[in-house]
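Chains as they are written, first to last, in the numbering used here: chain A, 138 to 353; chain B, 1026 to 1105.
Right, here's the structure in full:
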């Protein structure tokens, strides 16, 4: 049965079927519409999940469980509100419940000492000063994915939602169930931690490359 | 002298909310007035913005596996 058939059934219920049939048809049509809309957002949900979870496999599981739960409890979604945020709320709750996130002690190195540390690291790697726009290209995709996964989860959650998922501070606060001020402070510190992790990952890459050169 | 002791510290505090478009019009003007005359802060803002765009592009390259998409569609509740 297609959405179009359902729509026609809802608009013109047969007299014999009565009001119950009309109600059921309307409900079925709403459910199909919800499912299609939710599936249409799956790429965006996956992109966020991929970096909230610690691995690709965990992200796959989380997304499947999120959609299974969403399809079961579609009635609790209010049409016209932010469906992507609603789905991500389910996903982040599942992620917390399962305790699947890497439980790491937040890095307490003196991050505040020099917030420009990463730029210096990248710029000095080829011995010449560079454009701010160009210098970031010295980081590989692996550097970034690895550094992001090393950011402690409380900080990573807000970075992933705001910087990758494009959610507002307000949406991120609702999704994570924390005050907006906490979103802002975690974001601020989280971005600093990410920069430190990027510098460390970049350093390790450099060391590995040097080791390989020596051994050949 | 570190960046925190110098007069650019306030501009640095505004950097994150500035890039997130969370400043009021007045604060935005204040930040821009400083940026107009301070090459050091301009450099920091530019780096921060470039990094953010680059990170976002890098992590978005990992597409959702096609099999996962099929599995999600199969989770739909069948109509009676």
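Backbone N, C-alpha and C fix where the C-beta goes; we use that ideal spot for every residue, glycine too.
Check your understanding: Does residue 239(A) come within less than 8 Å of chain B when only Cβ atoms are used?
Key -> Because residue 239(A) sits at a pLDDT of 49, beneath the cut-off of 50, its placement in the model cannot be relied upon, and the point is left open.
Review point. In its own chain, which residues sit with a C-beta less than 6 Å from the C-beta of residue 1101(B), not counting the 5 before and 5 after it?
Key: Sequence-distant partners of residue 1101(B) (beyond 5 residues in either direction) whose C-beta falls short of 6 Å from its own C-beta are missing from its chain.
Exercise for review: Taking a Cβ distance cut-off of 8 Å, strictly less, list which residues of the stretch 1081-1093 of chain B are near chain A, in chain order.
Suggested key: The residues in question are 1081, 1083, 1084, 1085, 1086, 1087, 1088, 1089, 1090 and 1093.
Exercise for review: Leaving out five residues on either side along the sequence, give the residues of the same chain with a beta carbon under 7 Å from the beta carbon of residue 321(A).
Suggested key: In the same chain as residue 321(A), and ignoring 5 residues on each side of it, the C-beta atoms closer than 7 Å to its own belong to 306, in chain order.
Point to revise | Residues, ordered as in the chain, of the stretch 206-234 of chain A that lie near chain B by beta-carbon distance below 7 Å | key: Listed in sequence order: 208.
Review point. Which ranges does the alpha helix (DSSP H) cover as unbroken runs of at least 4 residues, wholly within the stretch 168-251 of chain A, from first to last along the chain?
Key: If we require 4 residues or more, the alpha helix (DSSP H) runs fully inside the stretch 168-251 of chain A come out as 179-189, 193-209 and 220-235.
Check your understanding: Applying a beta-carbon distance threshold of less than 7 Å, which residues of chain A neighbour residue 1075(B)?
Key -> Correct list: 269, 270 and 273.
Exercise for review: Report the option in 227(A), 193(A) and 192(A) whose CA atom is closest to the CA atom of residue 209(A).
Suggested key: Among 227(A), 193(A) and 192(A), the Cα nearest to that of residue 209(A) belongs to 227(A).
Review point. Mind pulling the chain B residues with CB within less than 9 Å of residue 180(A)?
Key: Per Cβ cutoff of 9 Å: 1088, 1089 and 1094.
Check your understanding: So, does the CB of residue 290(A) fall closer than 8 Å to a CB anywhere in chain B?
Key -> Interface criterion not met: the Cβ of residue 290(A) is under 8 Å from no Cβ in chain B.
Exercise for review: Check residue 1058(B) in the structure and name its three-state DSSP category.
Suggested key: In the structure shown, the three-state DSSP call for residue 1058(B) is helix.
Point to revise | Residue burial classification, residue 1058(B) (beta-carbon count within 10 angstroms, cutoff 16) | key: Around the beta carbon of residue 1058(B), fewer than 16 other beta carbons lie within 10 angstroms, which makes this residue exposed.
Check your understanding: For residue 1084(B) versus residue 285(A), is the C-beta spacing smaller than 8 Å?
Key -> Yes; because the gap between Cβ atoms is below 8 Å, this pair is in contact.
Check your understanding: In chain A, what lies closer than 8 Å to residue 1079(B) by C-beta?
Key -> Per Cβ cutoff of 8 Å: 273, 274, 276 and 281.
Point to revise | Same chain, Cβ closer than 6 Å to residue 311(A), neighbours up to 5 away in sequence not counted | key: For residue 311(A), where only same-chain residues beyond five positions count, there are no Cβ hits under 6 Å.
Review point. CA-CA distance, residue 299(A) and residue 309(A)?
Key: Straight across, the Cα-Cα distance linking residue 299(A) with residue 309(A) is about 7 Å.
Practice item. May I ask which residues mark the beginning and end of the alpha helix (DSSP H) holding residue 1090(B)? Key: Annotation: residue 1090(B) is outside any alpha helix (DSSP H) and is labelled neither H nor E by DSSP.
Check your understanding: residue 255(A) lies in the alpha helix (DSSP H); which residues open and close that run?
Key -> For residue 255(A), the enclosing alpha helix (DSSP H) begins and ends at 254-261.
Review point. Whose Cβ in chain A lies nearer than 8 Å to the Cβ of residue 1097(B)?
Key: Per Cβ cutoff of 8 Å: 176, 179, 200, 201 and 204.
**Study point:** Per-residue DSSP class, three states only, for residue 293(A)
**Key:** If DSSP states are grouped into helix, strand and coil, residue 293(A) belongs with the helices.
**Study point:** Start and end residues, alpha helix (DSSP H) containing residue 1066(B)
**Key:** Secondary structure note for residue 1066(B): its alpha helix (DSSP H) is the uninterrupted segment 1064-1084.
Practice item. Mind the definition here: the stretch 155-163 of chain A touches the stretch 269-288 of chain A only if three or more C-beta pairs lie below 8 Å; say whether that holds. Key: The stretch 155-163 of chain A and the stretch 269-288 of chain A do not touch, with fewer than 3 CB-CB distances between them shorter than 8 Å.
Practice item. Answer with buried or exposed for residue 294(A), where buried requires no fewer than 16 other C-beta atoms within 10 angstroms of its C-beta. Key: It counts as buried.
Check your understanding: Using a Cβ-Cβ distance under 8 Å, would residue 1100(B) count as near chain A?
Key -> Judged by the 8 Å Cβ criterion, residue 1100(B) is in contact with chain A.
Exercise for review: Would you decide whether residue 221(A) is buried or exposed? Buried here means 16 or more other CB atoms lie within 10 Å of its CB.
Suggested key: With 16 or more Cβ atoms within 10 Å of its Cβ, residue 221(A) is classed as buried.
Exercise for review: Closer than 8 Å, Cβ to Cβ, to anything on chain B: give me those residues from the stretch 296-313 of chain A, in chain order.
Suggested key: So the close ones are 299, 300, 301 and 306.
Review point. Who are the neighbours of residue 1069(B) on chain A, taking C-beta pairs under 9 Å?
Key: 252, 253, 256 and 269, listed in chain order.
Practice item. Can you tell me the Cβ-Cβ gap for residue 334(A) and residue 287(A), rounded? I've got them flagged as a contact below 8 Å. Key: Yes, residue 334(A) and residue 287(A) are in contact; Cβ-Cβ is about 5 Å, under 8 Å.
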